[in-house]
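Reading through the structure tokens given below for one structure.
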Amino acid sequence: MISRTVGESIPPNTKHAVSVCLPTWEATVGYEEGESDIINSLTTGYPRFFVHKSIKKLCEVLCAKYSMENETCLCFPSYKIANRCREFIKVKTGISTKVRILQLCTPKPMNQEEKLWRRECKITVVFVDQEIFPVMKQYWQHTGEIVSSRMAEYILHELEVKESLKSTGTASNIRKYAAEDESRVNEEYVETRFGRNLNFLAADKAKFLIRKRIATKVVEKLDSESVSDLFSFEHYNEGNGPFNAGSGEPFGESQLNSDVPAETFNSTGESSTSSTFEDISRDDLNYHVNPNTDVYLFPSGMASIFTAHRLLLNLDANRLSRSSNRQDKLIGYGPPFKKTVMFGFPYTDTLSILRKFNHTHFLGQGDSTSMDVLKKILHSGEQILAVFIEAPSNPLLKMGDLQELKRLSDLYSFYIVVDETVGGFVNIDVLPFADIVCSSLTKIFSGDSNVIAGSLVLNPRGKIYEFARKFMKTEDGYEDCLWCEDALCLERNSRDFVERTIKVNTNTDVLLTKVLLPQVGKLFKKIYYPSLTSEETKKNYDNVMSTKDGGYGGLFSLTFFNMEEAKKFFNNLELCKGPSLGTNFTLACPYAIIAHYQELDEIAQYGVEKNLVRVSVGLENSDILCKVFQQAIDKALEE
1 MISRTVGESI PPNTKHAVSV CLPTWEATVG YEEGESDIIN SLTTGYPRFF VHKSIKKLCE
61 VLCAKYSMEN ETCLCFPSYK IANRCREFIK VKTGISTKVR ILQLCTPKPM NQEEKLWRRE
121 CKITVVFVDQ EIFPVMKQYW QHTGEIVSSR MAEYILHELE VKESLKSTGT ASNIRKYAAE
181 DESRVNEEYV ETRFGRNLNF LAADKAKFLI RKRIATKVVE KLDSESVSDL FSFEHYNEGN
241 GPFNAGSGEP FGESQLNSDV PAETFNSTGE SSTSSTFEDI SRDDLNYHVN PNTDVYLFPS
301 GMASIFTAHR LLLNLDANRL SRSSNRQDKL IGYGPPFKKT VMFGFPYTDT LSILRKFNHT
361 HFLGQGDSTS MDVLKKILHS GEQILAVFIE APSNPLLKMG DLQELKRLSD LYSFYIVVDE
421 TVGGFVNIDV LPFADIVCSS LTKIFSGDSN VIAGSLVLNP RGKIYEFARK FMKTEDGYED
481 CLWCEDALCL ERNSRDFVER TIKVNTNTDV LLTKVLLPQV GKLFKKIYYP SLTSEETKKN
541 YDNVMSTKDG GYGGLFSLTF FNMEEAKKFF NNLELCKGPS LGTNFTLACP YAIIAHYQEL
601 DEIAQYGVEK NLVRVSVGLE NSDILCKVFQ QAIDKALEE
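Taking UniProt numbering, the leading residue of the sequence shown gets 1, the next gets one more, and so forth.
Below is the structure:
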């Protein structure tokens, strides 16, 4: 079902949707300019930008209980994250800024039955003066270290918000929350009726399965002699997963009725649900990616990138012999730190992390000219800390030369962090060229547009591996902040991500070949896609494309000869239109407007034109997709 109402969730009637309907060019501009009728119509939005209504409600409740005069608050999933937020606020606003932190915890389950639906949930609330809230919101948005809407709903339920409002709220508030509660009960009934109720005890197993799927797809080949050991439950027990020795079964007897199915492995370690391993390895390298020690899950993709950045800053702080209680070690401000390099024009918040939490060289072209600039920096004698690169980049779908970057990193001793969100685990095999691979699992891995999460994979053969493993275990290192309900939802969504990726690749190829490419030079000025952006990009992409199931993905961008035709084309696309990508349905947005509205002139120098429309292809019938795009083309070309 296509969303057409401004502010409606995408998909429609989805409580935890991560996209919102902005069906016209004008609505997107109105959203960016803060038009009250547009803003007030929003029922949801992308979680790092739009604070979900459940989270807002939770903050309102906590402010009513604990705030001081003129204070507001925002919730974070742990004390360590809240403390980093506090230091960010103080650095950005002045050391005298008053920031209060309050830790709260929901009750533990009282018995085995309660463990099915109750879990101790710790959150930390940061209180600041109202005028400081935008700075705190920057930390929330850029770092992605956020409380999810499902976690907020759970806490609200545990706090018995409805009963509190009945005793102290107005009659209108009581009616409003009573109606919301009735809606929640109805939804819970439907979920339970059709067997989709969540069993909290299955969360650890769900996280293991997610990590395993990533581990077995992030590289093309694992050594078959040790794969069976790698995925044994005895090996799993060495990590964080529970093992009930009395029952002889992982996760205990209570898991037998879990909605997370068992996955069997044959003698080669291959999953019975998909073909994962391939006889051909890249450069004859066999990688043992351990799902328990090399793969980490996060509440968002940006949180994984931010963690990679913090890891690198801690490494550099050790070089400078900085004490562990120095706050600049946590954040990374000041000239003593080596600079990072952003190679290519990235998604906006990646660059924000590198700029706001340290210093960076921004090589926005992301091609051979940027490689030449990087070599000049290295030849000058300047030591850099790391290169961050998207594979391929968003929204111009450029692919940098990862092989050359790897050669330079070995020669000049810097590290490589690859964000492979757009390419995807199935399409590209970038781990051999990276020290760390980050990804947003919100996208094609999930597909359903109803959960936000991220992952970080350490290259077992990377230069930073041993330090990274140790860092993740330290006080400043890794915390598992992926809420149990989000993990259960993500596990369910991701069971067929390989098949969905292949279908999206096929759909995109058909759409481009039959409908869009013939319009280049007529309606379209240029199509950006890994096989089309440039010969250089295609060569670099092909060098890392997976040999078994790899393709060029489902994301492409279109630019136009004039703005009016761009608007007409976009407004006549009978598709879902809003932020995000990698959804099971085709999704479009005027990317430059929605991501860079305040800096359109600045981004133009990197090739991101203000009329650019980005399209993420979904699983629809390819003939229907072709018809929809052809109709939009015809409307745009009408006199």
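Positions of the beta carbon are idealized from the N, C-alpha and C atoms, including for glycine.
These numbers come from a predicted model, not from an experiment.
Does residue i come out as helix, strand or coil in the three-state DSSP assignment?
i: A386; result: strand
i: M302; result: helix
i: Q103; result: strand
i: C481; result: coil
i: M342; result: strand
i: S254; result: Low per-residue confidence applies at S254: pLDDT is 31, beneath 50, and the placement is therefore not dependable, though the value from the model is reported in the following sentence. It is helical.
i: Y465; result: helix
i: V185; result: Interpretation of V185 is limited by its pLDDT of 42, a score under 50 that renders its predicted location unreliable; no figure is taken from the coordinates.
i: M136; result: helix
i: T474; result: coil
i: L312; result: helix
i: K108; result: coil
i: G454; result: strand
i: S352; result: helix
i: A434; result: coil
i: K635; result: helix
i: S439; result: strand
i: residue 640; result: Outside the shown range of the chain (1 to 639) lies residue 640, about which nothing can therefore be said.
i: R614; result: strand
i: F445; result: coil
i: H157; result: helix
Since residue i and residue j are thought to touch, with beta carbons under 8 Å apart, how far apart are those beta carbons, to the nearest angstrom?
i: G301; j: S439; result: 6 Å
i: I444; j: G607; result: With a Cβ gap of about 24 Å, I444 and G607 do not count as contacting.
i: K610; j: A592; result: 5 Å
i: L198; j: E485; result: 6 Å
i: E32; j: Y597; result: 4 Å
i: V613; j: S557; result: 7 Å
i: E479; j: S78; result: 5 Å
i: P432; j: S393; result: About 20 Å; that fails the 8 Å criterion.
i: A27; j: I39; result: A27 to I39, Cβ: 11 Å. No contact.
I'd like the list of long-range same chain contacts for residue i, defined as Cβ closer than 6 Å, with 5 residues on each side in sequence excluded.
i: L209; result: E491
i: I214; result: V295, S455
i: F585; result: C576, G618
i: F337; result: D316, N358
i: I280; result: With a pLDDT of 29 at I280, under the threshold of 50, the predicted position of this residue should be treated as unreliable, though the coordinate-derived value follows. Same-chain partners within the cutoff: T547.
i: Y139; result: C85, F88
i: K90; result: T97
For residue i, I'd like the list of residues in its chain whose CB is within less than 7 Å of its CB, leaving aside the five on either flank, ordered along the chain.
i: T5; result: C21
i: T533; result: L396, L397, K398
i: A206; result: V260, A487, L488, E491
i: T24; result: N571
i: T106; result: E120, C121, I155, E158
Quick one, are the C-beta atoms of residue i and residue j less than 8 Å apart?
i: I2; j: C576; result: yes
i: F357; j: M342; result: no
i: C73; j: F127; result: yes
i: G366; j: G381; result: no
i: K80; j: V135; result: no
i: L58; j: I155; result: yes
i: A595; j: F570; result: no
i: residue 702; j: F425; result: Any answer about residue 702 is impossible in this case: the structure gives the chain only from 1 up to 639.
i: F629; j: V515; result: yes
i: C75; j: F298; result: no
i: G144; j: F388; result: no
i: V457; j: V289; result: yes
i: N70; j: Q141; result: no
i: N314; j: D435; result: no
i: E153; j: S54; result: yes
i: residue 651; j: N427; result: Not covered by the structure: residue 651. The range shown for the chain is 1 to 639.
For residue i, I'd like the list of residues in its chain whose CB is within less than 8 Å of its CB, leaving aside the five on either flank, ordered along the chain.
i: P47; result: V18, I146, S148, S149, S300, I452
i: V430; result: A391, L402, V418, E420, G423, V437, V544
i: E8; result: V20, C21, T43
i: I384; result: K338, K339, T340, V341, H361, I377, L378, Y412, F414
i: S370; result: F343, G344, L363, G364, G400
i: T350; result: M302, I305, M342, F388, E390, D419
So, does the CB of residue i fall closer than 8 Å to a CB anywhere in chain B?
i: L42; result: The chain inventory of the structure shown lacks chain B, comprising one protein chain alone.
Count the CB pairs spanning the region 516–534 and the region 440–455 that are closer than 8 Å, and state whether there are at least three. no
Cβ pair count under 8 Å reaching 3, the region 58–73 against the region 108–122: no
Three or more C-beta pairs under 8 Å: does that hold for the region 482–497 against the region 541–549? no
Three CB pairs or more closer than 8 Å across the region 497–513 and the region 547–555: yes
Are the region 468–479 and the region 310–320 in contact at 8 Å, needing three or more beta carbon pairs? yes
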